[in-house]
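Below you'll find the structure, written out as structure tokens, and then a few comments.
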């Protein structure tokens with residue numbers, strides 16, 4: 007009785023690995039570039055400070071999104087890239103500073 011082992015599957019993976027790795031690196035660079043563009047786009051806008059109440063929090067990849075209600079009843083959807091520095095919870099009221107769609111600071115009242 008003879009047993010033969012077919013190693014062709016391992017060879018095919020070894021050939022495809024550099025291509026898969028290159029695709030993953032390119033995707034990572036695209037995500038980093040998009041994040042950088044979003045941040046710099048908002049940084050070029052005027053800073054706005056308003057008294058708000060936090061109505062809702064939504065988490066997405068890399069950012070926290072908040073629905074806030076201003077004193078005049080206007081509602082805004084803003085993102086927070088600095089969740090580790092700017093702590094906000096639903097129901098909080100305070101002074102919010104933002105540029106474009108990005109929250110820069112929040113001071114609870």
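Residue numbers (our numbering): 7 to 115. Cβ atoms here follow ideal geometry from the backbone N, Cα and C, with glycine treated the same way. Remember, predicted model here, so these are calculated numbers, not experimental data.
Between the C-alpha atoms of residue 50 and residue 26 there is a straight-line separation of about 37 Å. Counting C-beta atoms within 10 angstroms of its own C-beta, residue 85 has 16 or more neighbours from the protein chains shown and is therefore classed as buried. A Cβ-Cβ distance of about 6 Å is found for the pair residue 63 and residue 72, placing them in contact under the 8 Å criterion.
Distance check between residue 92 and each of 79, 112, 76 and 75 places 112 closest, using alpha-carbon atoms only.
For the pair residue 34 and residue 28, the Cα-to-Cα distance works out to about 10 Å. At least 8 Å separates the beta-carbon of residue 103 from that of residue 45. With a 10 Å radius around the Cβ and a threshold of 16 neighbouring Cβ atoms, residue 94 comes out buried. In the structure shown, residue 108 adopts extended strand secondary structure according to DSSP, grouped into three states. DSSP places residue 74 inside the beta strand (DSSP E), whose first and last residues are 69 to 76.
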